[in-house]
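Worksheet: one structure, shown below.
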Amino acid sequence: MRLSFKEKRNKAGLTQRELGIAVGLAEISIRKLENGERDPSINTAVKISKALNSNMEEIFPDIFLDISDTKCI
292 MRLSFKEKRN KAGLTQRELG IAVGLAEISI RKLENGERDP SINTAVKISK ALNSNMEEIF
352 PDIFLDISDT KCI
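Going by the numbering used here, the sequence shown opens with residue 292, and the numbers climb by one from there.
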């Protein structure tokens with residue numbers, strides 16, 4: 292589930308098409324990423340996170356682990 296991704300894109304005031312243009316992807320690719328039909332490459336995730344002024348862990352929490360939340364034993 293990628294609600295965070297869609298919410299952040301909407302908050303940024305971007306359509307799927309506009310975000311796709313900003314990161315070099317087709318609108319259908321953005322749609323598939325938002326719907327969880329496709330996982331982003333690291334390069335794509337970085338581009339999207341920069342375009343949405345966020346981080347990969349917030350946009351794709353089921354893929355990228357926030358290492359700052361881990362505890363050392």
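C-beta: ideal position from N, C-alpha, C; glycine also.
What is the rounded straight-line gap between the Cα of residue i and the Cα of residue j?
i: Asn334; j: Lys302; result: 22 Å
i: Ile354; j: Met347; result: 9 Å
i: Thr306; j: Leu356; result: 27 Å
Given residue i, which residues of its chain have a CB within under 7 Å of its CB, disregarding the five upstream and five downstream residues?
i: Pro331; result: Leu324, Ile339, Phe351
i: Ser295; result: Glu349, Ile350, Pro352
i: Ala317; result: Gly311
i: Arg308; result: Glu318
Closest to residue i by CA distance: which of the options is it?
i: Val314; options: Ile354, Asp353, Leu343; result: Leu343
i: Lys299; options: Glu328, Arg329, Ile321; result: Ile321
Within the same chain, show all residues whose beta-carbon is closer than 6 Å to that of residue i, passing over the 5 residues directly before and after it, in chain order.
i: Lys297; result: Glu325
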